[in-house]
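Here this note's numbering = 1-based position in the sequence shown + 22. Idealized CB from N, CA, C, for every residue including glycine.
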Amino acid sequence: MVKIHVLDEHIANQIAAGEVVERPASVVKELVENAIDAGSTRIEVAVEEGGLQSIRVKDNGSGIEPEDCETAFYRHATSKIGNGRDLFQITSLGFRGEALPSIAAVAKVSLTTASSDDGRGRRLEIEGGKLTASEDTAHGRGTEMTVRELFYNTPARLKYMKSIQTELGHISDAMYRMALAHPGISFTLQHNGNQLLHTLGNGDLLQVIAAVYGTSAAKAMLPVHAEDPDYRISGYVSRPDWTRSNRNAITTIVGGRYIRSNGLNAAIMRAYHTLLPINRYPLLVLKLDMHPSLVDVNVHPAKLEVRFSKEPELYQLVEQVIRKALLGENLIPRPGRET
Ligand code: ADP
Ligand code: MG
Numbered sequence: 023m024v025k026i027h028v029l030d031e032h033i034a035n036q037i038a039a040g041e042v043v044e045r046p047a048s049v050v051k052e053l054v055e056n057a058i059d060a061g062s063t064r065i066e067v068a069v070e071e072g073g074l075q076s077i078r079v080k081d082n083g084s085g086i087e088p089e090d091c092e093t094a095f096y097r098h099a100t101s102k103i104g105n106g107r108d109l110f111q112i113t114s115l116g117f118r119g120e121a122l123p124s125i126a127a128v129a130k131v132s133l134t135t136a137s138s139d140d141g142r143g144r145r146l147e148i149e150g151g152k153l154t155a156s157e158d159t160a161h162g163r164g165t166e167m168t169v170r171e172l173f174y175n176t177p178a179r180l181k182y183m184k185s186i187q188t189e190l191g192h193i194s195d196a197m198y199r200m201a202l203a204h205p206g207i208s209f210t211l212q213h214n215g216n217q218l219l220h221t222l223g224n225g226d227l228l229q230v231i232a233a234v235y236g237t238s239a240a241k242a243m244l245p246v247h248a249e250d251p252d253y254r255i256s257g258y259v260s261r262p263d264w265t266r267s268n269r270n271a272i273t274t275i276v277g278g279r280y281i282r283s284n285g286l287n288a289a290i291m292r293a294y295h296t297l298l299p300i301n302r303y304p305l306l307v308l309k310l311d312m313h314p315s316l317v318d319v320n321v322h323p324a325k326l327e328v329r330f331s332k333e334p335e336l337y338q339l340v341e342q343v344i345r346k347a348l349l350g351e352n353l354i355p356r357p358g359r360e361t
């Protein structure tokens with residue numbers, strides 16, 4: 023008797039959702055990354071009850087062609103890569119084609135989008151992975167995605183959701199990182215109608231730092247810049263007299279993506295060595311640019327971790343550039359001149 027069979031698409035999507043959609047903040051991150059990939063200059067996010075009741079992301083990007091709307095919700099459906107070679111040259115935030123089918127499998131989703139300025143758009147409703155409505159509608163160019171009642175059909179997952187405040191904290195954190203990574207895009211975040219974040223999108227990273235951490239933090243920042251044949255580093259680091267009690271204000275960005283790297287964090291802390299009180303951490307926004315072939319982003323489903331090809335060189339450059347910025351401030355005693 024045959025015992026092995028391929029799972030149907032619906033169950034496969036629910037399983038994938040377990041990895042991609044951990045909590046409301048994962049939905050916000052995936053939808054905003056799609057909006058960024060679509061070339062948007064304005065992205066408005068509004069959530070209700072920590073995102074558990076609803077998440078709305080509205081952008082002014084390229085929109086989705088009417089004929090592509092249903093396909094966008096298929097597993098492994100993507101417009102961003104075409105062949106295996108592209109996988110080693112990734113320049114977009116998304117490429118797995120997993121977010122939309124995963125989100126739609128565990129929530130009630132409505133999509134309204136238009137890919138031209140003539141006002142002709144398309145609206146789709148999907149509930150628990152099943153298409154319930156699909157019709158032409160009037161819409162300005164861009165996309166609006168609303169995700170309601172996340173995990174309504176996966177009670178085990180819903181049970182693990184924390185308080186509204188905790189879920190909102192994760193959402194704000196994700197929004198802050200994306201805003202810091204994209205100063206050229208205007209972001210807003212609203213929770214139950216209250217505005218929590220507004221960035222201008224004028225390309226000024228210091229303005230974003232002020233919007234996220236406050237103006238006094240922005241005033242304590244020093245610019246950094248370095249280049250070698252492989253890497254380009256830019257951003258801001260805080261003077262050692264402006265510290266925080268945890269690492270959360272360290273944001274490292276690779277290819278427009280916020281990433282976590284113990285190696286980078288260690289290099290940063292080496293640069294501040296002896297300058298910070300014990301158990302205090304700096305505020306830092308570091309943007310690392312490199313050829314896409316020097317970094318592998320295909321390591322982790324949420325793409326939080328990446329792999330660099332020339333790690334020691336990168337870490338050394340990071341340490342040096344920060345140290346130099348701090349030295350320039352005369353905060354570190356300079357070594358005696360050699361004679
Ligand atoms: P991925 O981002 O990995 O390609 P997704 O499931 O997130 O996969 O999205 C599937 C496709 O839907 C994308 O490749 C893109 O073509 C389209 N799409 C999704 N969101 C948007 C958006 N906000 N604007 C334009 N196109 C979008
Ligand atoms: Mg995506």
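Considering only DSSP beta bridges, list what residue i is partnered with.
i    : result
G143 : T159
F330 : V317
P245 : Y258
L153 : I148
Y253 : M312
Q212 : A68 and Q217
E166 : K80 and T134
Of all the options the options, which has the alpha carbon lying nearest to the alpha carbon of residue i?
i    : options                   : result
F209 : K51, I86 and P262         : K51
L316 : M197, K130 and R254       : R254
K346 : T176, L310 and L244       : L244
A288 : K184, G116 and L339       : L339
T165 : R78, E41 and V328         : R78
R83  : L308, D318 and D59        : A small correction: the amino acid at residue 83 is Gly; Arg does not occupy that position in the sequence shown. Measuring from the Cα of G83, the nearest candidate turns out to be D59.
G119 : H98, G106 and S137        : H98
L310 : R282, G150 and I300       : R282
A57  : D318, G236 and R163       : R163
S114 : P314, G236 and H32        : P314
S132 : D226, I112, T273 and T159 : T159
D263 : L348, R45, A126 and A94   : L348
F330 : L308, L286, S267 and R292 : L286
Alpha carbon to alpha carbon, how far is residue i from residue j?
i    : j    : result
S124 : E92  : 14 Å
V54  : V24  : 44 Å
P205 : G223 : 5 Å
E171 : E147 : 13 Å
R64  : E333 : 35 Å
T296 : A271 : 19 Å
K80  : R199 : 18 Å
V230 : Y280 : 15 Å
Y303 : T265 : 5 Å
R261 : V276 : 23 Å
L298 : I290 : 12 Å
S76  : Q212 : 12 Å
S9   : E89  : The shown model of the chain, from 23 to 361, leaves out residue 9, and the question about it has no answer.
A240 : L305 : 10 Å
I183 : S194 : Note on residue identity: the sequence assigns Met, not Ile, to residue 183. Their backbone Cα atoms lie some 16 Å apart in a straight line.
V343 : A248 : 6 Å
A233 : L122 : 30 Å
I300 : R145 : 55 Å
M197 : A68  : 11 Å
I86  : G106 : 24 Å
M167 : H27  : 34 Å
T17  : A34  : No statement about residue 17 is possible, as the shown extent of the chain runs from 23 to 361 and does not include it.
L180 : L74  : 9 Å
P177 : L326 : 26 Å
E341 : F117 : 31 Å
D318 : E335 : 16 Å
R359 : V259 : With a pLDDT of only 49 at R359, under the threshold of 50, the placement of this residue in the model should not be trusted, and no figure is reported.
R269 : V169 : 31 Å
D250 : T274 : 18 Å
L218 : L29  : 42 Å
Would you call residue i buried or exposed, if buried means 16 or more other Cβ atoms sit within 10 Å of its Cβ?
i    : result
Q187 : exposed
F110 : exposed
Q36  : buried
H192 : buried
G350 : exposed
R142 : exposed
T96  : It should be pointed out that residue 96 corresponds to Tyr in this sequence rather than to Thr. Y96 should be labelled exposed.
S365 : Past the edges of the chain, shown from 23 to 361, lies residue 365, and the structure says nothing about it.
L227 : buried
G236 : exposed
L153 : exposed
T361 : Note that T361 scores a pLDDT of 42, beneath 50, so its modelled location is shaky; the value from the coordinates is reported in the next line. Exposed is the call here.
For residue i, decide whether its Cβ has a neighbour in chain B, counting only Cβ atoms nearer than 8 Å.
i    : result
I255 : Checking the listed chains, one finds no chain B in this structure; it contains a single protein chain.
task = Could you tell me which uninterrupted alpha helix (DSSP H) segments, each at least 4 residues in length, are contained entirely in the region 266-320, listed from first to last along the chain?
result = Runs found: 284-293.
**Item:** Within the region 30-105, ranges of the alpha helix (DSSP H) (whole runs, at least 4 residues)
**Value:** 31-42 and 46-59
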